[in-house]
Amino acid sequence: MTFTDRDRAVQAAITQGLVGSGQPVAGLLDIAGIRRSAAELRAAFAEFTAPGTPVLHAFAVKAAALVPVLRLLAQEGIGCEVASPGELAVARAAGIPARDTVLDSPAKTRSELREALALGIAVNVDNHEELARIDRMMASAPSTAPIGLRVNPQIGGGSIGAMSTATDTSKFGIPLRDSGARDWVVRACLDRPWLTRLHAHVGSQGMPLERMAEGVRALYDLAEEINEQAGGRRITTLDIGGGLPVNFASDTVTPTYREYAAVLHAAVPGLFSGRYGLVTEFGRSLLAKHGMVLARVEYAKWAGGRPIAVTHAGAQVATRTVFAPAAWPIRVAAYDAAGRPKTGAPVPQDIAGPCCFAGDLVAENRPLPLLEAGDHTALLDTGAYYFSTHFAYNSLPRPGVYGYAAGPDGTVRFATVRTPQTLEELTAESGAAHADDLRDLALG
Ligand SMILES: Cc1ncc(COP(=O)(O)O)c(C=O)c1O
Numbered sequence: 000m001t002f003t004d005r006d007r008a009v010q011a012a013i014t015q016g017l018v019g020s021g022q023p024v025a026g027l028l029d030i031a032g033i034r035r036s037a038a039e040l041r042a043a044f045a046e047f048t049a050p051g052t053p054v055l056h057a058f059a060v061k062a063a064a065l066v067p068v069l070r071l072l073a074q075e076g077i078g079c080e081v082a083s084p085g086e087l088a089v090a091r092a093a094g095i096p097a098r099d100t101v102l103d104s105p106a107k108t109r110s111e112l113r114e115a116l117a118l119g120i121a122v123n124v125d126n127h128e129e130l131a132r133i134d135r136m137m138a139s140a141p142s143t144a145p146i147g148l149r150v151n152p153q154i155g156g157g158s159i160g161a162m163s164t165a166t167d168t169s170k171f172g173i174p175l176r177d178s179g180a181r182d183w184v185v186r187a188c189l190d191r192p193w194l195t196r197l198h199a200h201v202g203s204q205g206m207p208l209e210r211m212a213e214g215v216r217a218l219y220d221l222a223e224e225i226n227e228q229a230g231g232r233r234i235t236t237l238d239i240g241g242g243l244p245v246n247f248a249s250d251t252v253t254p255t256y257r258e259y260a261a262v263l264h265a266a267v268p269g270l271f272s273g274r275y276g277l278v279t280e281f282g283r284s285l286l287a288k289h290g291m292v293l294a295r296v297e298y299a300k301w302a303g304g305r306p307i308a309v310t311h312a313g314a315q316v317a318t319r320t321v322f323a324p325a326a327w328p329i330r331v332a333a334y335d336a337a338g339r340p341k342t343g344a345p346v347p348q349d350i351a352g353p354c355c356f357a358g359d360l361v362a363e364n365r366p367l368p369l370l371e372a373g374d375h376t377a378l379l380d381t382g383a384y385y386f387s388t389h390f391a392y393n394s395l396p397r398p399g400v401y402g403y404a405a406g407p408d409g410t411v412r413f414a415t416v417r418t419p420q421t422l423e424e425l426t427a428e429s430g431a432a433h434a435d436d437l438r439d440l441a442l443g
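Just so we're aligned: 279 in this note's numbering is position 280 of the sequence shown, and the numbers increase by one with no gaps anywhere.
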């Protein structure tokens, strides 16, 4: 049997005690893989872009709000796209400079906007009311922060409704095809010399590349129209968002960044001409294939003739997979107690999590070598979003996350990315400091 780096990492995580009876679940990230994806992203756009064009690839922090990961990406020349004060704080803790940071969110508060403008972080304005706020702020305290307007080209959705941001009624951006909206956007840009960017993120996972390119084409055409009316370069930068889908069915990376850049180049050649600076905001495609959730099988049982492996990875780490399994199916790999790939004839079985509800299954009727107590499951392709969508139900702690580097001699070294949440931290989060407050209030 040939062992992959992933297999070696699983075995090392078990023998080194990162996963065991005390810590029955952990996240593992392949550092070399993350670096490779970052390099592929940069190379793909560099291949098509005119020399000297400013390009910022900003990682969507929502995909993995982990300080060491952001710092690793920064080393590879990748900045951050943030969508909340928490994500901005995480990016700043990673040392991401303001010039490499972009703020998007549909619900920015006044204080968030003020902070971003003061720091010089690029802001993508979502709607009319937010633009009015920025107008007032720019009048009282002018800022040189790059400011853009998010538009919704309303080109339609992809295969996952909840991930489709360019539907007619999406909550994001200015709906370009609504009556009068396009003229309003053009006027808004012509009236404000500081409004120099346009932004669109048309969806994530499940969007065909051609549809994504159609959204970028709409963004580009709008910029050209504004610049023509302005008689010069009013719009200087286009932020094309992220959204490259990930293949969750095998180890193959498809589509690739290069394929997407080529589709964009065919659909919107001017995008790469150097007329506009470019910003991208990829999240899932940078990390998904480089992470896994490794969990112990606590019990193996049968019900109604079906084998069920009760593991320690369920809805608390694989929230979307458990609640929307058709949209977010994941691969599960089976390992034995020592972390060796498990062999044996595949037997359809349920892979259950630890949560107290019947639907807490990461895979149903999945053919795998029959799992036994003490074995392990690895949920594959879970490097993006699975460590940032923790579900606090049943007070299950957030698991530790570790980066690994496999040496040519087969040894695996780990670095801590996030320490496992302790029960003390969990209790504190659950209001331990206020234990008496309700009783005291009731007593008057
Ligand atoms: C504005 C924005 N940019 C970028 C992303 C990242 O998308 P993905 O992880 O699919 O690349 C998202 C995802 O929700 C987003 O909302």
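Beta carbons: idealized from backbone N, C-alpha and C, even for Gly.
Near ligand 1: residue i beta-carbon under 7 angstroms from a heavy atom
{"i": "PHE247", "result": "no"}
{"i": "GLY402", "result": "no"}
{"i": "HIS200", "result": "yes"}
{"i": "PHE322", "result": "no"}
{"i": "LYS61", "result": "yes"}
{"i": "TYR153", "result": "One detail in the question is off: residue 153 reads as Gln in this sequence, not Tyr. Not so, every heavy atom of ligand 1 lies at least 7 angstroms from the Cβ."}
{"i": "ARG283", "result": "yes"}
{"i": "GLU458", "result": "Outside the shown range of the chain, which is 0 to 443, sits residue 458, and nothing can be said about it."}
{"i": "GLY76", "result": "no"}
{"i": "GLU280", "result": "yes"}
{"i": "SER203", "result": "yes"}
{"i": "ASP103", "result": "yes"}
{"i": "ALA383", "result": "yes"}
6 angstroms Cβ shell around residue i - same chain, five flanking residues per side excluded
{"i": "VAL81", "result": "VAL60, LEU87, ALA90, LEU102"}
{"i": "ARG412", "result": "ALA404"}
{"i": "VAL309", "result": "GLU297, TYR298, ALA351"}
{"i": "GLU46", "result": "none"}
Proximity below 8 angstroms, CB of residue i to CB of residue j
{"i": "ALA326", "j": "ALA312", "result": "no"}
{"i": "THR195", "j": "THR143", "result": "no"}
{"i": "LEU17", "j": "TYR401", "result": "yes"}
{"i": "ALA62", "j": "ARG397", "result": "no"}
{"i": "LEU130", "j": "VAL124", "result": "yes"}
{"i": "PRO84", "j": "GLU111", "result": "yes"}
{"i": "THR241", "j": "MET206", "result": "Looking at the sequence shown, residue 241 is not Thr but Gly. Not a contact, by the Cβ cut-off of 8 angstroms."}
{"i": "LEU243", "j": "ILE33", "result": "no"}
{"i": "ALA260", "j": "PHE44", "result": "yes"}
{"i": "VAL252", "j": "ALA212", "result": "no"}
{"i": "LEU65", "j": "PHE386", "result": "yes"}
Between the CA atoms of residue j and residue i - distance to the nearest angstrom
{"i": "ILE239", "j": "GLU280", "result": "7 angstroms"}
{"i": "HIS289", "j": "GLY26", "result": "11 angstroms"}
{"i": "ALA265", "j": "GLU75", "result": "27 angstroms"}
{"i": "VAL331", "j": "ALA377", "result": "6 angstroms"}
{"i": "THR388", "j": "GLN228", "result": "44 angstroms"}
{"i": "ARG70", "j": "HIS200", "result": "24 angstroms"}
{"i": "SER249", "j": "ALA115", "result": "40 angstroms"}
{"i": "GLY343", "j": "VAL9", "result": "19 angstroms"}
{"i": "PRO324", "j": "GLY269", "result": "40 angstroms"}
{"i": "ASN126", "j": "PRO53", "result": "26 angstroms"}
{"i": "ARG438", "j": "VAL24", "result": "36 angstroms"}
{"i": "GLN15", "j": "THR421", "result": "19 angstroms"}
{"i": "ALA187", "j": "ASP177", "result": "16 angstroms"}
{"i": "GLU223", "j": "VAL245", "result": "31 angstroms"}
{"i": "ARG132", "j": "ARG113", "result": "10 angstroms"}
{"i": "ALA37", "j": "LEU440", "result": "54 angstroms"}
{"i": "GLY214", "j": "ALA161", "result": "18 angstroms"}
8 angstroms CB neighbourhood of residue i in its chain, flanking five on each side removed
{"i": "THR381", "result": "GLY26, ALA287, GLY290, MET291, VAL292, VAL316, ALA317, ILE329"}
{"i": "LEU175", "result": "VAL150, ASN151, PRO152, GLN153, ARG181, VAL184, ALA217, LEU221"}
{"i": "PRO368", "result": "ALA333, LYS341, THR342, GLY343, ALA344, PRO345, VAL346"}
Contacting residues, own chain, Cβ-Cβ under 7 angstroms from residue i (five flanking each side not counted)
{"i": "VAL361", "result": "ALA312, GLY313, ALA317, THR320, VAL321, ILE329, VAL331, ILE350, GLY352, LEU378"}
{"i": "PHE171", "result": "PRO105, ASP125, ARG149, ASN151, THR164"}
{"i": "PRO145", "result": "ALA121, THR195, ARG196, THR236"}
{"i": "LEU55", "result": "GLY78, ASP99, VAL278"}
(message) Which runs of the beta strand (DSSP E) at least 3 residues long sit entirely within the stretch 126–192? Give them in chain order.
(response) You should have 146–151.
(request) Just list the beta strand (DSSP E) runs in the stretch 345–397, keeping only unbroken ones of 3 residues or longer that don't cross its boundaries, in chain order. (result) Those beta strand (DSSP E) runs which fall completely within the stretch 345–397 and span 3+ residues are 345–351, 360–368, 375–379.
(request) Ignoring anything shorter than 4 residues or poking outside the stretch 229–293, list the alpha helix (DSSP H) runs there in chain order. (result) Scanning the stretch 229–293 from its first residue to its last, the whole alpha helix (DSSP H) runs of 4-plus residues come out as 256–266, 283–286.
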